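These protein sequences, in sequence, are chains B and H. So the mapping is simple: my numbering equals the position in the first sequence, first residue as 1, plus 134. So the mapping is simple: my numbering equals the position in the second sequence, first residue as 1, plus 134. Using N, Cα and C, we set each Cβ at its ideal position, and we do this for glycine too. On a predicted model such as this, the values are computed, not experimentally measured, just so you know.
2 protein chains.
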Amino acid sequence: MAGKRLTLADVARAAGVSKMTASRALRNAGDVSRANIEKVQQAAREIGYIGNPIAMSLSNQRTNLVGVVVPSASNIVFAEVLAGITEALSDSGFQPVIGVTDYNIDREAETIRGMLSWRPAGLIVTGLDQPEPTRQLLEHAGLPVVQIMDVDGTPTDGCVGIAQTEAGTAMARALIAQGRRRIGYIGCDLAGDTRATKRRAGFEAALAAAGVSLVGTLVSEQPSSVVAGRKLTVEFLSRHDDIDCLYYSNDDIAVGGLFHCMDAGIPVPEQILLTGFNGLDLVQALPAQIATTHTPRHEIGLKAAQLILEAADQRSNRVDRMIELPTRIDITPGFPR
Amino acid sequence: MAGKRLTLADVARAAGVSKMTASRALRNAGDVSRANIEKVQQAAREIGYIGNPIAMSLSNQRTNLVGVVVPSASNIVFAEVLAGITEALSDSGFQPVIGVTDYNIDREAETIRGMLSWRPAGLIVTGLDQPEPTRQLLEHAGLPVVQIMDVDGTPTDGCVGIAQTEAGTAMARALIAQGRRRIGYIGCDLAGDTRATKRRAGFEAALAAAGVSLVGTLVSEQPSSVVAGRKLTVEFLSRHDDIDCLYYSNDDIAVGGLFHCMDAGIPVPEQILLTGFNGLDLVQALPAQIATTHTPRHEIGLKAAQLILEAADQRSNRVDRMIELPTRIDITPGFPR
DNA sequence: GCTGGTATCGATACCGGTACCGATATCTTG
DNA sequence: CAAGATATCGGTACCGGTATCGATACCAGC
Chain B
135 MAGKRLTLAD
145 VARAAGVSKM
155 TASRALRNAG
165 DVSRANIEKV
175 QQAAREIGYI
185 GNPIAMSLSN
195 QRTNLVGVVV
205 PSASNIVFAE
215 VLAGITEALS
225 DSGFQPVIGV
235 TDYNIDREAE
245 TIRGMLSWRP
255 AGLIVTGLDQ
265 PEPTRQLLEH
275 AGLPVVQIMD
285 VDGTPTDGCV
295 GIAQTEAGTA
305 MARALIAQGR
315 RRIGYIGCDL
325 AGDTRATKRR
335 AGFEAALAAA
345 GVSLVGTLVS
355 EQPSSVVAGR
365 KLTVEFLSRH
375 DDIDCLYYSN
385 DDIAVGGLFH
395 CMDAGIPVPE
405 QILLTGFNGL
415 DLVQALPAQI
425 ATTHTPRHEI
435 GLKAAQLILE
445 AADQRSNRVD
455 RMIELPTRID
465 ITPGFPR
Chain H
135 MAGKRLTLAD
145 VARAAGVSKM
155 TASRALRNAG
165 DVSRANIEKV
175 QQAAREIGYI
185 GNPIAMSLSN
195 QRTNLVGVVV
205 PSASNIVFAE
215 VLAGITEALS
225 DSGFQPVIGV
235 TDYNIDREAE
245 TIRGMLSWRP
255 AGLIVTGLDQ
265 PEPTRQLLEH
275 AGLPVVQIMD
285 VDGTPTDGCV
295 GIAQTEAGTA
305 MARALIAQGR
315 RRIGYIGCDL
325 AGDTRATKRR
335 AGFEAALAAA
345 GVSLVGTLVS
355 EQPSSVVAGR
365 KLTVEFLSRH
375 DDIDCLYYSN
385 DDIAVGGLFH
395 CMDAGIPVPE
405 QILLTGFNGL
415 DLVQALPAQI
425 ATTHTPRHEI
435 GLKAAQLILE
445 AADQRSNRVD
455 RMIELPTRID
465 ITPGFPR
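Here you go:
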C-alpha cells in the first residue's frame, strides 16, 4: 500500500551502501564496484524504486523534456507533425510537452515562456515569424530551438520546413501549364497563419508574372474545415461563375469545395480544377481528382526532434541547421479547355 | 544576455528583503506588508524574473502537469480530445504532457510509469481496459486519474466517456428500423482498441436479438484511414455482393467506402446504407448521406480535464466520478427497399 | 618498509524553491 | 505600565537527487 514514495535513500539502505553509491550504481556512473552495482540494482528492483526526475532536473539543471508549440491540436497537419515528433522521441528518454496557441500570438509568447521555465532540453516552435519580443525570448533561451513548417525567413536557431512561397509559385505555374486562366482563391488564412499567406503571395506573384490575375478572392477567419470549405465555395461561386480553377489554402477546404461541386453537378476537374495543399491521405481516395501539394508533415516532426536530440546529445545549446524538405505537386490533367 | 538564470535570491536582493518574503510576496501567500508586496513584484518585473517550477515542484511535492495518455496522436478523434483538454487547462496554470502509445500495451505501461515519475497533478488515460499491472499502477498512483472514451466497465478512479456497447446496439436497432437486413461489418479494430470491439459486440448482439446475423465481416489490423476504408470496401464487396448496409468501425473508413460506391455507381444510401462512427465534421459535408453516431470528443477532453482540475483544486488525490456523455445517431432514411 | 597510484566509497554542499517556527515590533487591553 | 495579541519578517531545514572532493584500502615497485 505504501505511505510515501520511495527515494534513493531507501534503495541505499536496502542495499547497505550510501546514497551516493546507490546513485552512481543506478546511473552506471563509474566508481562503483561490480558487486555493489548489482546489489543496488537488485535492491532497487525489489523495492520498486522509481527515480524522481524533478529532483534530478533540479540538481543537474537540465530535463528530459522537449517543448513543442503548435497553433492547433485538432488540425490533422499538426497532429501528424506531433506524431513525427513523438516517434523520434519515443525511445530517446525524452518526453514531448505540447503547448497549443490557437494562432494567438499572445498565447504563443505565454506558452513559450511557460515552457522555458521548465528548462527543457530543446524547443520546437511552429513558424518563423514570431513578433520581436517572442523572437528575443527564443534567441536568449540558451537551448536548442527548432522552428518548423517554414523556411522562408531567418530562423533564430534551427529550422525544418518547406519553402512556402515557392510552393505557391510552383502551383501557380502548374495550373497555368494546365491551361487554367480564370483562377480564384479561397482561404482560411487565420491572422497567425503566415504560411498560408506566404503561399498565396507566391501564388499571386507567379500568376502576375504570367500575366494572369485572380478572378476573385474569398478569405475567412474561421479555422479551416471541410464544412467551411463547402460553404465558402458556395459563396464564391455565387459571386464569380466564370471560373476554371480554384486555389484553396489547404486540402480540407478544397475537399469541401469538391463536395459542393459534386452535388451541384459541376464536372471536376473538367470545368473547374480544384487545388488544395498538403496532400492529405484523404485526397487520394476521393471520387474525383483534385490537385494538391504533398508536404512531408510527419518528416518535419521527425527531423525537428532529431535535431533537438543531436544537440542535446552533445550538450550544445544550439542547433544551427536549416533543413528544407521537398514538396511534390500532384496534379491530374483535366480535359484541355 | 545574462550569464545564468535569475533566482528568487536575486529578486530578494533587488527588493531588499529576504528570500522568504520575496517568495511569499510573489505568491500572495500572506504575512507580507502591502509595501513589500509591491516592492518585490516591482523588482521581479524589472529584472525579469521567471520562477522555476522544478524547484517549486520538488519543494512542495506537486507539479502543474497533467499527464495525458492516448493511443494515437494523428487520429483526428484523439486530436480533438486533446484540443478539449488543452482548452480546459489553458488558463488554469496547468500544462498537459502528452504520451502516445500506438495501441501498444507495453508502451502504454511504460508511458504511464514515466508520467507518474513526474508526479503530475493528475492523469488522463484512454480506455478502461488496461491489463492488470497497469491498472495497479493507476490504482496506487495516489493522484486523480480519469479514464476516457469509455464507460463500459469499472474505472480505477474517475471516468468520462460514452457507452460504447450501447452505441453499437442502438445503431443496430436503427438500421433494422430502416429495414436493412443484409448487413456487413468492416472494421479497423486494432488489438488495443477495445472500444471498437465493444461497439461491434453490442451491434451483433442487437442484430441477433432481431433475428439478423451479419452477412460478412472484414477486419483489418491497419490503422484506420479513408484510403484503408476504400480498399476494405472493395474487398468486402467482391466477396459479398448482396448487401444493403455496411457498419464500419468509424467514419474514416466509412467515408472511404462511400467514395468507392460513388465511383462504382452504387447508389448510397438507396442500395447500400453506409454507417460510420463519430460524427466527424467531414461527414456533414459529404455529397451523399451516410449514417453515423455523433460522439462528444471535444467535450470528453474538456470534462476529463475539468475533473482533474477540481480534484487538484481541493488537493484530493481521487476524482471518483463517472460521467457518461450522450451520443446521437444521425441517420437519413434511404428509399425503402 | 615506504611511496605513489588506483579503485572504491561517503560526507558535504549544492540546485531553487517552500514550510515551519521563532524573533521582533507595534498595538490593545485591563 | 505589564501582558498578551497581531502583523511582519527571516533563519533553518527540508524536497530528492548529483558533483566534488577527501578518505580509505589495496596494490605494485623500489
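Only residues of its own chain outside the window of five on either side were considered, and among them G256, P278, R452, V453 have a CB closer than 7 Å to the CB of A445(H), listed in chain order. Distance check between G292(B) and each of T303(B), V174(B), G261(B), A207(B) places G261(B) closest, using alpha-carbon atoms only.
Considering only R329(B), R315(B), A438(B), the residue with the shortest C-alpha distance to A342(B) is R315(B). Counting only Cβ-Cβ distances below 7 Å, I232(H) has contacts in chain B at P230, I232, in chain order. With a contact defined as Cβ atoms closer than 8 Å, E433(B) and L459(B) qualify at about 6 Å. For G318(B), the uninterrupted beta strand (DSSP E) run begins and ends at 317-321, by DSSP. The alpha helix (DSSP H) runs lying completely inside the segment 275-337 of chain B and spanning 4 residues or more are 298-311, given in chain order.
Taking 8 Å as the cut-off, the beta carbon of G326(H) is found closer than this to the beta carbon of N238(H).
Judged by DSSP in its simplified three-state form, G256(B) adopts strand.
The beta carbon of Q175(B) does not come within 8 Å of any beta carbon belonging to chain H, so the residue lies off that interface. Between the C-alpha atoms of Q448(B) and Q264(B) there is a straight-line separation of about 28 Å.
Among the residues facing chain B, R364(H) is included, as its CB has a counterpart in that chain under 8 Å away.
A Cβ of chain H is located within less than 8 Å of the beta carbon of A217(B).
The continuous stretches of alpha helix (DSSP H) do not include E458(B), which lies in the beta strand (DSSP E) extending over residues 456-458. In this structure the segment 398-415 of chain B lies against the segment 369-380 of chain B, because at least three pairs of beta carbons, one per stretch, are closer than 8 Å. Chain B places a beta carbon closer than 8 Å to that of L420(H), counting this residue as a contact.
A contact is defined here as three or more CB-CB pairs under 8 Å, and the segment 198-211 of chain H meets this definition with respect to the segment 235-251 of chain H. Checking the DSSP bridge columns, you'll see I463(H) partnered with T427(H).
Contact annotation: V174(B) and A163(B) have beta-carbon atoms that are not nearer than 8 Å. In this chain, the alpha helix (DSSP H) harbouring Q175(B) covers 168-181. Annotation for T245(B): V203, G233, V234, T235 place their beta carbon closer than 8 Å to its own, counting only its chain and skipping 5 residues before and after. Along the segment 161-190 of chain B, the positions whose C-beta sits under 7 Å from a C-beta of chain H are I184, G185, N186, P187, I188, A189, read in chain order. For R452(B), not one C-beta of chain H is nearer than 8 Å to its own C-beta. Sorting I465(B), T461(B), M456(B), T466(B) by C-alpha distance to the C-alpha of P289(B) places M456(B) at the top. Under a 10 Å Cβ-count criterion, A398(H) is classified as exposed, with fewer than 16 other Cβ atoms of the shown protein chains found around its own Cβ. Contact of A213(H) with chain B is assigned, a C-beta pair being separated by under 8 Å. At least one beta carbon of chain B lies nearer than 8 Å to the beta carbon of S359(H). Residue-level contact check: M396(H) touches chain B, since one or more beta carbons of chain B fall below 8 Å from its beta carbon. Annotated three-state conformation of Q264(B) is coil, per DSSP. Judged by DSSP secondary structure, G201(B) falls outside any alpha helix (DSSP H) and instead within the beta strand (DSSP E) spanning 199-204. Under the three-state reduction of DSSP, T245(H) is assigned to helix. For the options A425(B), T409(B), I320(B), T155(B), the alpha carbon positioned closest to that of V353(B) is the one of I320(B).
Flagged as an interface residue toward chain H: F393(B), by a C-beta distance shorter than 8 Å. Distance check between H394(B) and each of N412(H), T461(H), Q418(H) places Q418(H) closest, using alpha-carbon atoms only.
At least one CB of chain H lies nearer than 8 Å to the CB of D415(B).
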